[in-house]
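Engineer:
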Amino acid sequence: MRFLRFLGRELFLHGIIFAIVGTLVLSTLYLLSIGAPPEAYLDALKSFLLLISGSKDYSKLHPGFSSGQIIASGAIVTLPLALISLVFLIIIALSRSANAVTGRYLAIHHGEKAIERISKFFNIITSVFAAIPLFVGFWVLYVVIGNGISLPVIALLTVLFGGLSWDATNFLKTDMLSQINQTHAIVYSTLGHNLGLFFPMPGTYSGYLFSSSLPRFIPYLAGKVPAIIGSVTIAEVAFSFPGLGSTLLDALLATNTDLLITSVFILLCVNAIVSFLVKLILFLIYPRVYEKAI
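Put into structure tokens, the structure is as follows:
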């Protein structure tokens, strides 16, 4: 029963309903912004209904593209790029947080401050990346390298520029550092476990602290999904990657309402899918935490 309630809330309400209502609202705002005539609203609604019904002829005004092509751009490019970016974000946050807590432990208990200094140095680097506006960073790299950049590299740059990795690291690091002087962490540190300097592996000191922070870190990631999706679409535009970001820009430049509606709908679907996967992990591991979060 609890799982059915989860599916109803996250898959139906925050997934299907979110994508449909969000598309209608954003499309209406777009038509208002361009001063479209009243009949354009009805035409847009008809096209959208044909799209979600699966009709091959959903675009009567602009037959030069198909919904299948746009959906494929989301399934083949944007969704994988968003998922890879999320993985990079998690890895960076985990490794930097593990390094920070073990460095603090060594500094407090053994007077060894070298690791803590290295951690602060990397914090400065990530802060510099975070200070660079996303599109500016992408534009500079495009000028230097061109558009011949692989998907994983774009995903890595997506979380570095604009501060996604910096923000995630600071959230997790702050949470883990706050536990160092608590009784449970002090007791665990006396049991002779490895510190887990570079990654919070199970059975290590940093791994133990991370396991305590995990119920708070997963909801944080769920809240960052829209920012990741937005950054991914900017990356696609900057590097001329054939994803939803480029399709959406083409629609805006050509004032192609049908293409715009389809792109927005698929983009919201991608956002809903990634959010659902993150919340599913939270529900499966910590169902009570999920219930409290809603």
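Take 10 as the starting number for the sequence shown in the numbering used here and just add one per residue. Positions of the beta carbon are idealized from the N, C-alpha and C atoms, including for glycine.
Taking only the alpha-carbon atoms, compute the straight-line gap between L95 and N203 and give it to the nearest angstrom.
Structural biologist: Residue numbering aside, residue 95 sits at position 86 when the sequence shown is read from its first letter. Residue numbering aside, residue 203 sits at position 194 when the sequence shown is read from its first letter. So the two alpha carbons sit approximately 28 Å from each other.
Engineer: Where in the stretch 132-168 do unbroken runs of the alpha helix (DSSP H), each at least 4 residues long, occur, reported from the N-terminal end onward?
Structural biologist: You should have 143-154.
Engineer: May I have the straight-line CA-CA distance separating A247 from G212, to the nearest angstrom?
Structural biologist: Position 238 of the sequence shown holds residue 247. Position 203 of the sequence shown holds residue 212. So the two alpha carbons sit approximately 42 Å from each other.
Engineer: Using the beta-carbon count (16 or more within 10 Å), is P296 buried or exposed?
Structural biologist: Counting from 1 along the sequence shown, the entry for residue 296 is found at position 287. So P296 counts as exposed.
Engineer: Starting from the C-beta of H71, find all residues in its chain whose C-beta is less than 6 Å away, skip the five residues before and the five after it, and write them out in chain order.
Structural biologist: The residue labelled residue 71 in the question sits at position 62 within the sequence shown. With a pLDDT of 48 at H71, under the threshold of 50, the modelled position of that residue is not reliable, and no figure is offered here.
Engineer: Any chance the stretch 172-181 sits against the stretch 229-243, with 3 or more Cβ pairs inside 8 Å?
Structural biologist: With the cut-off at 8 Å, the stretch 172-181 and the stretch 229-243 touch.
Engineer: Straight-line CA distance for S284 to R225?
Structural biologist: On the sequence shown, position 275 is the one that residue 284 refers to. On the sequence shown, position 216 is the one that residue 225 refers to. Cα to Cα, the separation comes out at about 15 Å.
Engineer: So what's S249 in DSSP terms, helix, strand or just coil?
Structural biologist: Position 240 of the sequence shown holds residue 249. If DSSP states are grouped into helix, strand and coil, S249 belongs with coil.
Engineer: T167: buried (16+ other C-beta within 10 angstroms of its C-beta) or exposed?
Structural biologist: Position 158 of the sequence shown, counting from 1, holds the residue named residue 167. Buried, because 16 or more other Cβ atoms sit within 10 Å of the Cβ of T167.
Engineer: For I243 and H193, I'd like the C-alpha separation in whole angstroms.
Structural biologist: Start at 1 with the first residue of the sequence shown, and residue 243 comes out as number 234. Start at 1 with the first residue of the sequence shown, and residue 193 comes out as number 184. Between I243 and H193, the C-alpha separation is close to 44 Å.
Engineer: Where does the unbroken alpha helix (DSSP H) through S291 begin, and where does it stop?
Structural biologist: Counting from 1 along the sequence shown, the entry for residue 291 is found at position 282. For clarity, residue 291 is Leu in the given sequence; the question names Ser instead. Per DSSP, L291 belongs to the alpha helix (DSSP H) from 266-294.
Engineer: What's the C-alpha gap between L38 and L257?
Structural biologist: Within the sequence shown, the letter at position 29 stands for residue 38. Within the sequence shown, the letter at position 248 stands for residue 257. Each residue's alpha carbon lies about 15 Å from the other.
Engineer: In three-state terms, what does DSSP make of T111?
Structural biologist: For this step, residue 111 is matched to residue 102 along the sequence shown. Here T111 sits in helix by DSSP.
Engineer: Along the chain, where does the alpha helix (DSSP H) containing V196 start, and where does it finish?
Structural biologist: Here residue 196 refers to the residue found at position 187 of the sequence shown. V196 -> alpha helix (DSSP H) spans 192-198.
Engineer: E245 to L115, Cα distance in whole Å?
Structural biologist: Position 236 of the sequence shown, counted from the start, is the residue given in the question as residue 245. Position 106 of the sequence shown, counted from the start, is the residue given in the question as residue 115. If I take the Cα positions, the gap works out to 43 Å.
Engineer: Would F130 be called buried (16 or more neighbouring beta carbons within 10 Å of its own) or exposed?
Structural biologist: Indexing the sequence shown from 1 puts residue 130 at position 121. Per the 10 Å Cβ criterion, exposed.
Engineer: Could you compute how far the alpha carbon of F97 sits from the alpha carbon of G232?
Structural biologist: Working through the sequence shown from its first residue, we reach residue 97 at position 88. Working through the sequence shown from its first residue, we reach residue 232 at position 223. Their Cα atoms are separated by approximately 16 Å.
Engineer: Check whether the stretch 117-136 and the stretch 150-164 touch, using three or more Cβ-Cβ pairs below 8 Å as the test.
Structural biologist: Flag = no, the stretch 117-136 and the stretch 150-164 do not touch.
Engineer: In the DSSP assignment, the alpha helix (DSSP H) including M185 goes from what residue to what residue?
Structural biologist: Against the sequence shown, residue 185 aligns to sequence position 176. Where M185 is concerned, the enclosing alpha helix (DSSP H) stretches over 173-186.
Engineer: Taking the alpha-carbon positions, what's the I99 to L223 distance?
Structural biologist: Indexing the sequence shown from 1 puts residue 99 at position 90. Indexing the sequence shown from 1 puts residue 223 at position 214. Rounded to whole angstroms, I99 to L223 spans 11 Å at the Cα level.
Engineer: Are there three or more Cβ pairs, one per stretch, closer than 8 Å when the stretch 269-287 is compared with the stretch 103-115?
Structural biologist: No contact exists between the stretch 269-287 and the stretch 103-115.
Engineer: May I ask you to report which of helix, strand or coil DSSP gives S62?
Structural biologist: In the sequence shown, residue 62 corresponds to position 53, counting from 1. If DSSP states are grouped into helix, strand and coil, S62 belongs with coil.
Engineer: Who are the Cβ neighbours of L206 in its own chain at under 6 Å, not counting the five residues just before and after it?
Structural biologist: Here residue 206 is taken as the residue at index 197 of the sequence shown, counted from 1. Around L206: T111.
Engineer: Tell whether a beta-carbon distance below 8 Å holds between V241 and T32.
Structural biologist: One-based indexing of the sequence shown puts residue 241 at position 232. One-based indexing of the sequence shown puts residue 32 at position 23. The answer is no: Cβ separation not under 8 Å.
Engineer: Roughly how far, in whole angstroms, is the beta-carbon of F170 from the beta-carbon of F138, given that I think they are within contact range, below 8 Å?
Structural biologist: If you number the sequence shown from 1, residue 170 lands on position 161. If you number the sequence shown from 1, residue 138 lands on position 129. That pair is a contact at about 6 Å.
Engineer: Could you give the DSSP three-state label for I127: helix, strand or coil?
Structural biologist: Here residue 127 is taken as the residue at index 118 of the sequence shown, counted from 1. Three-state result, I127: helix.
Engineer: Could you give the distance in angstroms between the alpha-carbon of P161 and the alpha-carbon of F147?
Structural biologist: Mapped onto the sequence shown, residue 161 falls at position 152. Mapped onto the sequence shown, residue 147 falls at position 138. Looking at the two C-alpha atoms, the distance is approximately 14 Å.
Engineer: Tell me which same chain residues have a C-beta within less than 6 Å of the C-beta of Y299, skipping the five on either side of it?
Structural biologist: For the purposes of this step, residue 299 is taken as residue 290 along the sequence shown, with counting starting at 1. The answer, listed in chain order, is L291, F292.
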